[in-house]
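Visitor:
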Amino acid sequence: MLPRTTDDIANLFRYCRENGRHATFRAAGTSLNGQSQSDDILIDVRRHWYGAKVEDDGRRVRARPGMILGHVNAMLGRYGRRVGPDPASSHACTVGGVIANNSGGMRCTVRNDAYQTVSAMTFVTPSGAVIDTSAPDAEAAFERAEPDLAIGLLELRGQLLADRELADRVRRKYSIRNTHGYRLCALLDGETPLEIFRRLLVGSEGTLGFVAEAVIDTVPVPGVTSVAWIPVPTIDEAVGLVSGLVGLGASAVELMVAPALAAAGQAFAHTPSYWKTLNPKAAALLVEFGAEDMRALEVLQNKVVEFTSKANLIHPVEFTSVAEAVELAWHVREGLLGLIGKQRPQGSTLITEDVCFPPERLAQGARDIQELLGKHGFIPGVAGHAAHGNLHFTLVADFGDPKGHKRYAAFIEELVDLVVRKHDGSLKAEHGTGLNMAPFVESEWGAKATGMMWRLKELADPKGILGPNVILTRNAKLHLENLKSVPQIESVTDSSQCIECGFCEPVCPSRNVTMTPRQRIVLRREMARQSPGSPMLARLQEEYQYDGIETCAGDGTCAIACPIGINTGALIRELRAVETTPTADKVALRLAKNWSAVEKVSRASLSATHAFSALFGVKPLTALTGVARAVANPDLIPSVPGPMPRAARALRSTQRNVAAAVYFPACINRMFGRDPDGPASPSLPEAFVALSERAGMPLWIPPDVAGLCCSTPWKSKGYPQGHEFMAKSIADAMLRWSDGGKIPIVVDAASCTLGLSQDIASLLDAETKARYESLTIIDSIAWCHDLLPKLTIRRKLGRIAVHPTCSITHLELAGKLKQIATHLADEVEVPIGTTCCGTAGDRGLLHPELVVSATREVKAVLDAHPAEAYISANRTCEMGLRHATGRPYESFIFLLEELSRPEAG
3 MLPRTTDDIA
13 NLFRYCRENG
23 RHATFRAAGT
33 SLNGQSQSDD
43 ILIDVRRHWY
53 GAKVEDDGRR
63 VRARPGMILG
73 HVNAMLGRYG
83 RRVGPDPASS
93 HACTVGGVIA
103 NNSGGMRCTV
113 RNDAYQTVSA
123 MTFVTPSGAV
133 IDTSAPDAEA
143 AFERAEPDLA
153 IGLLELRGQL
163 LADRELADRV
173 RRKYSIRNTH
183 GYRLCALLDG
193 ETPLEIFRRL
203 LVGSEGTLGF
213 VAEAVIDTVP
223 VPGVTSVAWI
233 PVPTIDEAVG
243 LVSGLVGLGA
253 SAVELMVAPA
263 LAAAGQAFAH
273 TPSYWKTLNP
283 KAAALLVEFG
293 AEDMRALEVL
303 QNKVVEFTSK
313 ANLIHPVEFT
323 SVAEAVELAW
333 HVREGLLGLI
343 GKQRPQGSTL
353 ITEDVCFPPE
363 RLAQGARDIQ
373 ELLGKHGFIP
383 GVAGHAAHGN
393 LHFTLVADFG
403 DPKGHKRYAA
413 FIEELVDLVV
423 RKHDGSLKAE
433 HGTGLNMAPF
443 VESEWGAKAT
453 GMMWRLKELA
463 DPKGILGPNV
473 ILTRNAKLHL
483 ENLKSVPQIE
493 SVTDSSQCIE
503 CGFCEPVCPS
513 RNVTMTPRQR
523 IVLRREMARQ
533 SPGSPMLARL
543 QEEYQYDGIE
553 TCAGDGTCAI
563 ACPIGINTGA
573 LIRELRAVET
583 TPTADKVALR
593 LAKNWSAVEK
603 VSRASLSATH
613 AFSALFGVKP
623 LTALTGVARA
633 VANPDLIPSV
643 PGPMPRAARA
653 LRSTQRNVAA
663 AVYFPACINR
673 MFGRDPDGPA
683 SPSLPEAFVA
693 LSERAGMPLW
703 IPPDVAGLCC
713 STPWKSKGYP
723 QGHEFMAKSI
733 ADAMLRWSDG
743 GKIPIVVDAA
753 SCTLGLSQDI
763 ASLLDAETKA
773 RYESLTIIDS
783 IAWCHDLLPK
793 LTIRRKLGRI
803 AVHPTCSITH
813 LELAGKLKQI
823 ATHLADEVEV
833 PIGTTCCGTA
843 GDRGLLHPEL
853 VVSATREVKA
863 VLDAHPAEAY
873 ISANRTCEMG
883 LRHATGRPYE
893 SFIFLLEELS
903 RPEAG
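Read left to right, the sequence shown gives residues 3 to 907 (my numbering).
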């Protein structure tokens, strides 16, 4: 279900109460502990619940449950603030999930978690009451709507206060991280029914009500930060340093053991060489320090070096503030899940768990966990937030094998005994109780405290409609039942190894209209579970055609976000190729062989479209194509979702003998000209040639570029013959133009640069491949970035918006594009939520709803804060952005050329 309002939620709750159904909420689903899984109604609170507003000069933020945490922090960045919780999944997890699980993270102290920093909220109770806790009459409204709940909460508070021993235990248990069971300390911290219930909703995993909006107090962000690794021979020695480092002001102290570091050393480039030879008993701390400025930070760093000089260091402590090195350090810390997920046996399940130990028990607890993992044949690697006593570990189990099932059951039983009885720790620290640990709440809390939790659930949700068995269960074997199988699917880029973490979802262009990469893989697995001829299989296959295949942009940015590196776009392209008929392949080959004619027809059509639109506007064209698409196939006939660009102007002659590089104008720039509401000239090739000549680096456009293409359109659509023909044709031409690679080749469209770099060589014979791979192919962004020192920027704009396309991201040129933009404007913004625009060549014209989905967040930012110019580096993407946002995006080259143009006279 995809509700949009609190009324929708209340109506769903009423339906469940009246029909004996139950509902489970799902936001991002990154916790992976079962709290967002259901065999009945699943309510998506991500798609239509996005949004946030910064208040009080950044000191607090008002956010909806579907708002991505990383986006909230990006909004707060200009104020030097962030929210307290900082889970490793912050780029994917949502505010709703963070509150529901009371998530922690590397830097999040107990006093800065959601329980402590959520100061107000609007929620819907299972009875359908909607309460805004910040309203003046909120207490009275709550007591009127939920009289039994209000009375029951005060009774439970009185019982807990009367039992001093239990009250002290509750306070002690929550002095460290604990998300196991309901948060009984709410009965101690809140004095009124509403204040108690507001606190109880934090960490309740959607089982007591729905949080529709929350007001969160924020925390300051240091001006500068640095990180360092502190490797020592044993876990004991590592843990022995933690309190001292925290005392010096460390914002994060992360523990990693030698086996994990050794694996990371093999998997990630540029990691320290000594990691590969560490003794298995060794450990290291990753520390982060922050300060207002570099001078203050250096003082802190010197104190740390002095403090650790007495330790038995395996390698000297070396701090770095270099962005790439800091990013690598955190990537190593966060990347273990992906390493294990990728390398696990096919068909096996990956389970991630976390526990928490009192600080004085951390070293022994870590050793005990390692020993227990090894005893049962699991990877003996642990990592975690040492400053908070919070350890994480990963289990790989084959539940299709009775031995694997038995091994897992035995491990969990011993884990409970170890954490609770031996160390008096928390069985769940920040991931939420979920389904996996629900059977063991009483083991940790005892009968009386657990009984109070059951009473809370009964008072808030008397019909039991929300999240049955999540947090509390009567089924002692719940964690061993209804375990999801992992059937094999197409193994394109390790698709079968997907752990369904959802990290890919925020970057997927179709996330707001059909499916995400995770969902595409989940449904392929469900199809694999179905027997041949199954009605369910037929239904899934029918709906998958549009939802899964036609609306996939195939951009591949999901692979960047995926901890395993799965490119679901490549999987979908493979499925498209399977669907390709011999007849369609021959037609595509014929088009490739006559691409020059296609270019001419396209320019003529655009000229006619421009003339028609000038007389009658664009709406009649949109209507006409809409009728044609309704009659025929919308995946074949393009739409006209908005103003179409002018036809491209003819290429001008350039000189070969003085050229610093060959210039290959992409076919999209030979067909599509400038925005219809802007100037017709200069064309992109004219501007690029003039700019390069101005910088003393003239370009030569070969006279025979017509009819040649990077071959990407044929590959992405699944036409192998056309792809191979065009790949060989462009390779031969580039070798000829560059005189065998003696001068570089510059390309003016990022998607074409990417295609030429990645999609050509594999189709060539060995000799041609070797020659082709020796070519220097440069994207226009990199070329112009290097021209900057040779140009004089005559004036600057106030504010420009930049859209790094998916190809720019894959080419790792987003930073350089932004650097160019900083020379052109005082303020440069890459709007929050910027992802692949979804245009994907012609896919945005075939399915304009895909572009609208991909740019929803970007449009909201630009509507609120318009810019003077809108730049990118791919013509079809700029067209899609124009249609979806209403903003005239064009190549950055136009603005760079204009602002560096010598004054007339």
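Glycine residues also receive a C-beta, built at the ideal position from the N, C-alpha and C atoms.
#1: Does the separation of the CB atoms of residue 503 and residue 32 fall below 9 Å?
#2: So the beta strand (DSSP E) residue 306 belongs to, where does it begin and stop?
#3: Given that a residue counts as buried once 16 or more other Cβ atoms are within 10 Å of its Cβ, and exposed if not, what is residue 433?
#4: In whole angstroms, what separates the C-alpha of residue 490 from that of residue 399?
#5: Is the separation between the beta-carbon of residue 835 and that of residue 863 shorter than 9 Å?
#6: Would residue 365 pass as a contact of residue 240 if the rule is Cβ separation under 9 Å?
#7: Grab the span of the alpha helix (DSSP H) containing residue 824 for me, first residue to last.
#8: Between the Cα of residue 543 and those of 559, 139, 523, 832, spot the shortest distance and give me the residue it belongs to.
#9: Just to confirm my understanding: we take residue 388, look at its own chain, exclude 5 residues before and 5 after, and list those with CB closer than 7 Å. What are they?
#10: So, helix, strand or coil for residue 393, using DSSP?
#11: In chain order, what residues of the same chain have a beta carbon less than 7 Å from the beta carbon of residue 528, not counting five sequence neighbours either side?
#12: Can you tell me which of the three DSSP states residue 401 falls into?
#13: Does the distance from the C-beta atom of residue 262 to that of residue 273 stay below 9 Å?
#14: Check whether the Cβ atoms of residue 436 and residue 106 lie closer than 9 Å to each other.
#15: Using a Cβ-Cβ cutoff of less than 7 Å, which residues in the same chain neighbour residue 420 once the five nearest sequence positions on both sides are dropped?
#16: Give me the DSSP bridge partner(s) of residue 134.
#17: Compare the Cα-Cα distances from residue 657 to each of 700, 508, 526, 124 and report the closest residue.
#18: By DSSP, does residue 674 sit in helix, in strand, or in coil?
#19: Rounded to a whole number of angstroms, what is the C-alpha to C-alpha distance between residue 630 and residue 607?
#20: Can you tell me the Cα-Cα spacing of residue 651 and residue 691, whole angstroms?
#21: Give the DSSP-derived three-state secondary structure of residue 245 in the structure shown.
#22: In chain order, what are the residue ranges of uninterrupted alpha helix (DSSP H) at least 4 long that sit wholly in the region 509 to 559?
#23: Within the region 697 to 762, note down every full beta strand (DSSP E) run reaching 3 residues or more, in order along the chain.
#24: Just the Cα atoms here: how many angstroms apart are residue 406 and residue 487?
#25: Determine, using beta carbons only, whether residue 29 and residue 98 come nearer to each other than 9 Å.
#26: Return the bridge partner residues of residue 352 from the DSSP annotation.
#27: What is the rounded straight-line gap between the Cα of residue 296 and the Cα of residue 226?
#28: Please state whether DSSP places residue 276 in a helix, a strand or coil.
#29: Per the contact definition of three or more C-beta pairs closer than 8 Å, is the region 845 to 864 in contact with the region 508 to 516?
#30: Please state the DSSP three-state secondary structure of residue 44.
#31: Take residue 237 as the anchor and find which of 176, 211, 315 has the nearest alpha-carbon.
#32: Report the start-end ranges of each alpha helix (DSSP H) in the region 12 to 45 that is 4 residues or longer and not cut off at the edges.
#33: For the candidate residues 774, 654, 886, 743, whose alpha-carbon lies nearest to that of residue 847?
#34: Thinking C-beta only, is residue 340 closer than 9 Å to residue 566?
#35: Extract the residue ranges of the alpha helix (DSSP H) inside the region 319 to 372, only unbroken runs of 4 or more that lie entirely within it.
#36: Run the CB neighbour count on residue 557, radius 10 Å, all protein chains shown included, and call it buried at 16 or more, exposed below.
Guide: Well, looking at it:
#1: Residue 503 sits at position 501 when you count from the first residue of the sequence shown. Residue 32 sits at position 30 when you count from the first residue of the sequence shown. With contacts defined as CB atoms closer than 9 Å, residue 503 and residue 32 qualify as a contacting pair.
#2: Mapped onto the sequence shown, residue 306 falls at position 304. Counting along the chain, residue 306 falls outside any beta strand (DSSP E), though it belongs to the alpha helix (DSSP H) covering 296 to 310.
#3: Position 431 of the sequence shown holds residue 433. With a 10 Å radius around the Cβ and a threshold of 16 neighbouring Cβ atoms, residue 433 comes out buried.
#4: Position 488 of the sequence shown, counted from the first residue, corresponds to residue 490. Position 397 of the sequence shown, counted from the first residue, corresponds to residue 399. In a straight line, the C-alpha of residue 490 is about 16 Å away from that of residue 399.
#5: In the sequence shown, residue 835 corresponds to position 833, counting from 1. In the sequence shown, residue 863 corresponds to position 861, counting from 1. For the 9 Å CB-CB criterion, residue 835 and residue 863 form a contact.
#6: By one-based count along the sequence shown, residue 365 stands at place 363. By one-based count along the sequence shown, residue 240 stands at place 238. Yes, the Cβ-Cβ distance between residue 365 and residue 240 is below 9 Å.
#7: Position 822 of the sequence shown, counting from 1, holds the residue named residue 824. For residue 824, the enclosing alpha helix (DSSP H) covers residues 816 to 824.
#8: For the purposes of this step, residue 543 is taken as residue 541 along the sequence shown, with counting starting at 1. Nearest C-alpha to residue 543: 523.
#9: Counting from one through the sequence shown, the residue named residue 388 turns up at place 386. Once the five neighbours on either side are set aside, the close Cβ partners of residue 388 are 241, 244, 255, 256, 257, 287, 364.
#10: In the sequence shown, residue 393 corresponds to position 391, counting from 1. Strand, per DSSP.
#11: Here the question's residue 528 lines up with position 526 in the sequence shown. Cβ within range, chain order: 542.
#12: Here the question's residue 401 lines up with position 399 in the sequence shown. In the structure shown, the three-state DSSP call for residue 401 is coil.
#13: Numbered from 1 along the sequence shown, position 260 holds the residue referred to as residue 262. Numbered from 1 along the sequence shown, position 271 holds the residue referred to as residue 273. Judged by their CB atoms, residue 262 and residue 273 are not nearer to each other than the 9 Å cut-off.
#14: Walking along the sequence shown from the start, residue 436 turns up at place 434. Walking along the sequence shown from the start, residue 106 turns up at place 104. With contacts defined by Cβ atoms closer than 9 Å, residue 436 and residue 106 do not form a contacting pair.
#15: Locating residue 420 in the sequence shown gives position 418, counting from the first residue. Spatial neighbours of residue 420 in its own chain (CB-CB distance under 7 Å, excluding positions within 5 residues in sequence) are listed in chain order as 370, 374.
#16: Position 132 of the sequence shown, counted from the first residue, corresponds to residue 134. Beta-bridge pairing links residue 134 to 124.
#17: Here residue 657 refers to the residue found at position 655 when the sequence shown is read from its first residue. From the listed residues 700, 508, 526, 124, the smallest Cα separation to residue 657 is found for 700.
#18: For this step, residue 674 is matched to residue 672 along the sequence shown. Under the three-state reduction of DSSP output, residue 674 falls in the strand class.
#19: Within the sequence shown, the letter at position 628 stands for residue 630. Within the sequence shown, the letter at position 605 stands for residue 607. With a pLDDT of only 47 at residue 630, under the threshold of 50, the placement of this residue in the model should not be trusted; the figure read from the coordinates follows. One C-alpha to the other measures close to 17 Å.
#20: Here residue 651 is taken as the residue at index 649 of the sequence shown, counted from 1. Here residue 691 is taken as the residue at index 689 of the sequence shown, counted from 1. Each residue's alpha carbon lies about 14 Å from the other.
#21: Locating residue 245 in the sequence shown gives position 243, where the first residue counts as 1. DSSP places residue 245 within a helical segment (H, G or I) once states are collapsed to three.
#22: Look at the region 509 to 559 and you find these whole runs of alpha helix (DSSP H), each 4 residues long or longer: 519 to 531, 537 to 546.
#23: Counting whole runs of 3 or more residues, the region 697 to 762 contains the beta strand (DSSP E) stretches 747 to 749.
#24: Sequence index remark: in the sequence shown, residue 406 carries index 404 (1-based). Sequence index remark: in the sequence shown, residue 487 carries index 485 (1-based). Rounded to the nearest whole angstrom, the CA to CA distance from residue 406 to residue 487 is 13 Å.
#25: Taking the first residue of the sequence shown as 1, we reach residue 29 at position 27. Taking the first residue of the sequence shown as 1, we reach residue 98 at position 96. Taking 9 Å as the Cβ cut-off, residue 29 and residue 98 qualify as a contacting pair.
#26: Looking up residue 352 in the sequence shown gives position 350. Here residue 352 is bridged, per DSSP, to 398.
#27: Locating residue 296 in the sequence shown gives position 294, counting from the first residue. Locating residue 226 in the sequence shown gives position 224, counting from the first residue. Going by the C-alpha atoms only, they are around 7 Å apart.
#28: As a first step, residue 276 must be located in the sequence shown, where it is residue number 274. The three-state secondary structure of residue 276, taken from DSSP, is helix.
#29: As far as the Cβ criterion goes, the region 508 to 516 touches the region 845 to 864, which means the pair count is three or higher.
#30: Taking the sequence shown and counting its residues from 1, one reaches residue 44 at position 42. Strand, per DSSP.
#31: To locate residue 237, count along the sequence shown from 1; it is residue 235. Cα-wise, what sits closest to residue 237 is 315.
#32: Taking 4 residues as the minimum length, the region 12 to 45 contains no alpha helix (DSSP H) run wholly inside it.
#33: Here residue 847 refers to the residue found at position 845 of the sequence shown. Proximity to residue 847 across 774, 654, 886, 743 peaks at 886, based on C-alpha coordinates.
#34: Within the sequence shown, residue 566 is the residue found at index 564, counting from 1. Within the sequence shown, residue 340 is the residue found at index 338, counting from 1. Contact annotation: residue 566 and residue 340 have beta-carbon atoms nearer than 9 Å.
#35: Within the region 319 to 372, the complete alpha helix (DSSP H) runs of at least 4 residues are 325 to 336, 338 to 345.
#36: Counting from one through the sequence shown, the residue named residue 557 turns up at place 555. Counting of Cβ neighbours within 10 angstroms places residue 557 among the buried residues, the total reaching 16 or more.
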